[in-house]
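Just so we're aligned: 68 in the numbering used here is position 6 of the first sequence, and the numbers increase by one with no gaps anywhere.
Let me begin by presenting the structure, written as structure tokens, before commenting on it.
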Amino acid sequence: MKASIPQGTRDFSAAVLRRRNFIFNTIRSTFETYGFEPLETPALENTETLLGKYGDEGDKLIFKILNNGLDNPTKQASAREDFEKVLEGKTNKGITERALRYDLTIPFARYVAMNQGQLTMPFKRYQMQPVWRADRPQRGRYREFYQCDADVAGSSSLLHEIELALIYSSVFKHLRVGIEIHINNRKILHALAMLCGGEDRMTDITVAIDKLDKIGIEKVKEELASRGLTNNQISVVESFISIAGTNEEKLDQLMSMLNGNTIGEDGIREIRYILEQYKNNVSSEEMVVDFSLARGLNYYTGTIFEVKATGAQMGSIGGGGRYDDLTGLFGVKGIEGVGISFGVDRIYDVMEELNVFPEHIQTGTTALFFNTGETEQNHVLPLAQQLRAQGIACEIYHEAAKFDKQFKYAERKSIPYIVIVGSKEILSGTAIVKKLSTGEQQEVKQEEIGLNIKS
RNA sequence: GAGGUUGUAGCUCAGUUGGUUAGAGCGUCUGAUUGUGGUUCAGAAGGUCGUGGGUUCGAGACCCAUCAUCCUCCCCA
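Right under this line is the structure:
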């Protein structure tokens with residue numbers, strides 16, 4: 063058979079992995095700095111835990127896992143019956159009890175619901191694991207990709223929104239990626255829906271205006287019309303998303319447009335507070351008020367964030383927001399949540415495009431011991447152990463070969479130093495240490511090899 | 001789920017209106033050079049032309065199917 067991997071998945075080579083780990087490490091240490099604790103959940107969840115949480119479109123994209131033992135003769139009749147339902151588009155337990163994780167938020171909610179008695183509230187956790195979506199792969203879209211989430215459960219304080227935004231700022235500053243944090247508030251969108259036709263129009267409106275930057279105002283209006291909004295209502299939406307200016311100007315204009323709608327005014331107050339505190343702690347102007355930002359996930363109820371890289375052609379590289387009822391779907395009421403997510407795979411692609419990965423993260427082995435024969439190899443092994451004990455990564459060439467070959471091996475693996483201990487050096491108790499980039503070499507005592515290598 | 005792109009050596013790609021034995025660069029291996037690389041020179045290996053079928057005297061090229069890939073839409077990170 064021909065070797066292959068599933069569509070939309072990737073193998074990661076050493077060079078790629080080192081860069082990916084650079085991103086992971088940056089995010090992890092920032093999360094830790096803000097007091098978030100690690101959590102891992104299984105790749106598999108019960109299908110019913112996931113179904114219905116991401117909308118109809120989401121349900122279709124969940125990878126379901128076929129149950130084992132369907133070929134058991136005693137269960138054949140019920141298996142056939144259950145499979146008939148699958149053909150009608152109704153997934154069921156008899157065929158697929160388990161499914162692959164689709165995001166990290168729902169498993170987090172499930173975990174909080176299961177352990178609420180034991181958790182210190184507010185519970186702040188971070189999670190960096192792969193998720194799977196049966197989407198069609200394309201640029202910036204994979205079937206297996208990593209999310210890095212930080213969420214807070216059990217607190218309605220806006221302090222968390224501010225700190226989460228500061229986390230975004232700090233991480234991307236570290237990664238040398240310029241960003242804009244788009245911010246909006248579901249309460250504002252709620253108010254907009256009330257101003258044109260009622261709260262039940264909210265989804266119709268948000269789905270359409272969320273596409274504004276992609277398809278333009280005219281297409282948005284068309285979509286609104288096709289979703290049954292009147293011309294009057296459409297013009298209200300239009301004036302709403304046409305609001306322009308600085309963040310403050312936008313908020314002022316919106317305030318007068320709201321006509322005293324208290325829900326909407328709440329939303330404005332929240333954004334103002336977050337903006338103000340954010341600015342007090344970060345010098346740059348990367349927060350952008352964006353009333354067309356809606357985000358597909360309908361469980362958001364307050365602040366919503368979306369992060370875009372400036373100067374790179376890519377959709378959002380992170381997003382998040384507040385949801386009043388995190389665990390209600392799992393039977394635990396009254397726990398609110400707020401969180402953000404980093405899309406590592408897209409961040410990687412952006413950093414690659416912008417060429418901002420630091421050079422120094424590519425170092426693996428620091429020194430290569432040349433192999434000139436079995437006797438010498440046996441002599442060199444303890445010297446390598448001595449370097450490793452000093453924290454210097456080194457390896458011994460696997461066989462006695464021509465120097466040419468051993469040099470080329472070192473070059474291809476970007477190993478900066480080579481060490482030669484041959485028969486002559488064994489007699490004199492010395493070693494030749496050569497720095498490949500400059501060609502300089504010196505003969506040193508065997509106990510002092512480590513002193514002459516800077517990793 | 002809908003539409004399109006591409007598929008030739010390990011990698012990047014040529015290959016004319018269908019015509020003899022499918023090429024190049026890079027990489028690999030051998031030698032010049034048995035303890036000092038990067039340069040140079042000489043040579044070699046490496047191909048079910050994605051897969052299956054069809055048209056034709058003749059297919060890498062044309063037709064059909066299929067798989068993979070990348071991209072667009074829907075949706076999303």
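Positions of the beta carbon are idealized from the N, C-alpha and C atoms, including for glycine.
Taking C-alpha atoms, which residue in the options lies nearest to residue i?
i    : options                : result
A493 : D275, S476, I515       : I515
D386 : I402, I379, Y362       : Y362
R187 : E421, H222, T425, E206 : H222
N323 : A374, H252, T268       : H252
S75  : E509, N87, G426, V483  : G426
T437 : G401, E487, D466, Y116 : E487
T500 : S490, L489, M349, E473 : E473
C258 : S301, N309, F170       : S301
L237 : L449, N417, Q447       : N417
Q180 : G216, G151, R201       : G216
S490 : A374, E414, H441       : H441
G393 : M176, V299, L316, R82  : M176
F185 : G377, S91, N309, A212  : A212
Q375 : E347, E414, R357       : E414
K152 : D121, N130, F170, K281 : D121
D466 : L498, N294, V344, R450 : L498
I85  : Q178, V239, I224, L106 : V239
E107 : F170, V78, A77         : F170
A77  : F419, Q200, Q339, R201 : F419
Report the CB separation of residue i from residue j in whole angstroms; it is logged as a contact under 8 angstroms.
i    : j    : result
K496 : I480 : 5 angstroms
G390 : F367 : So it is not a contact: roughly 22 angstroms between Cβ atoms.
I250 : G329 : 4 angstroms
D352 : N246 : 6 angstroms
A141 : L132 : 5 angstroms
V233 : T88  : 6 angstroms
G380 : G405 : 6 angstroms
K276 : I296 : Between I296 and K276 the Cβ distance is about 18 angstroms, and since that is not below 8 angstroms, they are no contact.
R263 : L291 : 7 angstroms
D407 : Y204 : 6 angstroms
L313 : I333 : 7 angstroms
I243 : V350 : 7 angstroms
Determine the direct distance from the alpha carbon of residue j to that of residue i, and round the result to whole angstroms.
i    : j    : result
E505 : F431 : 14 angstroms
M183 : R172 : 16 angstroms
C210 : I409 : 11 angstroms
P135 : V214 : 48 angstroms
A429 : K475 : 10 angstroms
N154 : E146 : 10 angstroms
Q468 : E502 : 17 angstroms
K341 : Y471 : 51 angstroms
Q439 : E421 : 32 angstroms
I168 : H460 : 49 angstroms
G453 : N433 : 21 angstroms
K464 : S485 : 15 angstroms
S288 : E119 : 19 angstroms
E519 : E509 : Residue numbering for the chain in the displayed model covers 63 to 517; residue 519 lies beyond these limits and cannot be assessed.
Q138 : F207 : 36 angstroms
Q448 : S219 : 54 angstroms
Q191 : D165 : 9 angstroms
Q178 : K395 : 11 angstroms
A451 : L443 : 12 angstroms
Can the beta-carbon of residue i be found closer than 9 angstroms to that of residue j?
i    : j    : result
D272 : L355 : yes
G399 : V174 : yes
Y96  : I229 : yes
P104 : Q189 : no
G326 : L226 : no
I157 : L113 : no
F125 : A65  : no
G70  : R198 : yes
I483 : L445 : At residue 483 the sequence reads Val, which differs from the Ile that was named. Yes, they are a contact pair.
L388 : I402 : no
K109 : R72  : Inspection of the sequence shows that residue 109 is occupied by Thr rather than by Lys. Contact: no.
Q424 : R82  : no
E285 : V298 : no
I305 : I279 : no
N309 : L337 : yes
N130 : I224 : no
E94  : S231 : no
Cβ-heavy atom distance between residue i and the ligand ADP below 8 angstroms?
i    : result
Q503 : Because no ligand of any kind appears in the structure shown, any question about the ligand ADP cannot be addressed here.
**OP:** Let me know the alpha helix (DSSP H) ranges lying completely inside the segment 264 to 304, each 4 residues or longer, listed in chain order.
**Re:** Listed in chain order, the complete alpha helix (DSSP H) runs (minimum 4 residues) inside the segment 264 to 304 are 264 to 271, 274 to 288, 293 to 303.
Subject >> Any beta strand (DSSP E) of 3 or more consecutive residues that is wholly inside the segment 419 to 449 >> reply: DSSP assignment within the segment 419 to 449 yields the following whole beta strand (DSSP E) runs of 3 residues or more, N-terminal first: 429 to 431.
Original post:
Considering only residues of the segment 152 to 236, which uninterrupted beta strand (DSSP E) runs meet the minimum length of 3 residues and lie entirely inside it, listed in chain order?
Top reply: 160 to 162, 185 to 194, 206 to 215
Subject >> Within the segment 325 to 354, ranges of the beta strand (DSSP E) (whole runs, at least 3 residues) >> reply: 349 to 351
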